[in-house]
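**Q**
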Amino acid sequence: VSHFLLVTQFFVFLYCKCLWRGLKFVARKFTGHCELQRICYNNKHGARRTLKIGSIHPDKVEKTIEDIMALKKINPDTNPQLGISLQASLLQIVGYRSLVVEVEKLRKEPYDCENPENEDMLMKLWKELRPDTPLTGRISKQWCEIGFQGSDPKTDFRGMGLLGLHNLLYFAEHDKATALQMLHDSLQPKHKLINKPEWEQKNLDKAIGYSFAIVGINITDLAYSLLVTGALKTHLYNVAPEMPSLLHFQQTFCYLMQEFHRFWIEEDPSDIMEFNRVRSKFHRRILRQLKNPDMALCPHFSASHLHLVNL
């Protein structure tokens, strides 16, 4: 019986393969375009187009385009738009792979307190988040004020390496107002632990109580997971006109931080012990959003706002 099923599955596979080839042949004869032309001409720039071209593995974009045009017997003079569209999509594919490598390198690089550049970044983070409060020493309980777990932040970077520090500093420098507001909110006690008169007197309308820096490192882990699993392709292909870069990844991190902050307040957890539950639920929501090929997590960075109409 098992042998019969195996033979049956094989013939079904051959049938489906032949049927697909037949449909592509009919489509080419009917439209006069090959599959690549139909993808490029019938899908707007961004994830819809690039995800469909994603099976191509280019080493050099321009040479790959020339080879594709020659293989498909497409005249570049009569189809100039095809080369432009292919180049944009192939650059996105190559850029995504390069970004994964760059991010992975930062994640694997441990924080080194003997490295002046590492120490300088950490000091910058303190100054951005606590501009009016001098740090009394490199090893200090003051680090807890910005959400680290102990007196030496380097121990908290073990999981995400320098990637966590890069993201936190980028957020603090480039979206400072939001970062400072989130830090302020995170330092407030959970409102359920305060009596109503005191609550109203202090007007703690956003009191949420979590560790800002630790949450930032955790959201870095979430962004990293989305990137390496390929889930972030939809977003990055829609916001990066050509090659996605570390800048796009850091902008995405800023967005995820803001959204998690709102989500945490909406979920109204009883205490920090519910963090893993809330994070998992937030992760699932982002994954659902990224299944939409037109999704751009950060609309203000979307390709449509960059006037890439004819790419």
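In the numbering used here, the protein residues as written are 1094 to 1404. C-beta atoms are modelled at their ideal positions from N, C-alpha and C, and glycine is treated no differently. Bear in mind the structure is a predicted one, so any value in this text is a computation, not a measurement.
1. According to the neighbour-count rule (16 or more other Cβ atoms, all chains shown, within 10 Å of its Cβ), is V1194 buried or exposed?
2. Is DSSP giving L1116 helix, strand or coil here?
3. Quick one: give me the first and last residue of the alpha helix (DSSP H) that N1311 is part of.
4. Quick one: Cα of A1333 to Cα of T1229, how far?
5. By Cβ distance, which residues of its chain are closer than 7 Å to E1212, with the 5 residues on each side in sequence left out?
6. Report the CB separation of F1342 from L1192 in whole angstroms; it is logged as a contact under 8 Å.
7. Which value, in whole angstroms, describes the spacing of the CA atoms of H1150 and K1198?
8. Looking at the secondary structure, which residues open and close the alpha helix (DSSP H) in which K1218 lies?
9. So, under 8 Å CB-CB, F1264 and M1350 are touching, yes? Tell me the CB distance rounded to an integer number of Å.
10. What are the boundary residues of the alpha helix (DSSP H) that M1350 is part of?
11. Nearest-angstrom Cα distance between C1237 and S1244?
12. Looking at the secondary structure, which residues open and close the alpha helix (DSSP H) in which F1250 lies?
13. Does A1324 get closer than 8 Å to chain D when you measure Cβ to Cβ?
14. According to the Cβ coordinates, are I1303 and L1258 closer than 8 Å?
15. Given this structure, state the Cα-to-Cα distance separating T1271 from V1187, to the nearest angstrom.
16. One question on the structure: do V1196 and L1256 come within less than 8 Å of each other, judged by their Cβ atoms?
17. Nearest-angstrom Cα distance between Q1235 and E1266?
18. Under 8 Å Cβ to Cβ from P1362, same chain only, skipping five residues before and after it: list those, please.
19. Leaving out the 5 sequence neighbours to the left and right, which residues in its chain are closer than 6 Å to L1222 when beta-carbon positions are compared?
20. Whose CA, out of Y1330, P1246, D1314, lies closest to the CA of M1253?
21. Applying the 10 Å Cβ sphere with the 16-neighbour rule, what's the burial state of Q1344?
22. Taking the beta carbon of D1364 as the centre, do at least 16 other beta carbons fall within 10 Å, making it buried, or is it exposed?
**A** Per the coordinate set shown:
1. V1194 is exposed by the Cβ-count criterion.
2. With a pLDDT of 44 at L1116, under the threshold of 50, the modelled position of that residue is not reliable, and no figure is offered here.
3. From DSSP, the alpha helix (DSSP H) with N1311 extends over 1305-1321.
4. Rounded to the nearest whole angstrom, the C-alpha separation of A1333 and T1229 is 42 Å.
5. Residues of the same chain with a CB within less than 7 Å of the CB of E1212, apart from the 5 flanking positions on each side, are C1206 in chain order.
6. Rounded to whole angstroms, the Cβ separation of F1342 and L1192 is 6 Å, and the two are in contact under 8 Å.
7. Bear in mind that the predicted position of H1150 carries a pLDDT of just 49, short of 50, making it too unreliable to give a figure here.
8. The question names Lys, yet the displayed sequence has Leu at residue 1218. Start and end: 1209-1222.
9. Confirmed, Cβ separation roughly 6 Å.
10. Where M1350 is concerned, the enclosing alpha helix (DSSP H) stretches over 1339-1360.
11. Near 7 Å, if we compare the C-alpha coordinates of S1244 and C1237.
12. Per DSSP, F1250 belongs to no alpha helix (DSSP H) and is neither H nor E.
13. The structure shown contains no chain D; it is built from a single protein chain.
14. The displayed chain sequence assigns Tyr, not Ile, to residue 1303. Using a Cβ distance threshold of 8 Å, Y1303 and L1258 do not count as a contacting pair.
15. Spanning the two alpha carbons is a distance of roughly 33 Å.
16. With respect to the 8 Å criterion, V1196 and L1256 are classified as neighbours on the basis of their beta carbons.
17. Straight-line Cα distance between these residues: approximately 20 Å.
18. Here the set comprises F1368, R1370, V1371.
19. Non-local beta-carbon contacts of L1222 in its own chain, meaning distances under 6 Å to residues more than five positions away in sequence, involve I1239, A1265, L1276 in chain order.
20. Nearest C-alpha to M1253: D1314.
21. Buried is the call here.
22. Under this definition D1364 is an exposed residue.
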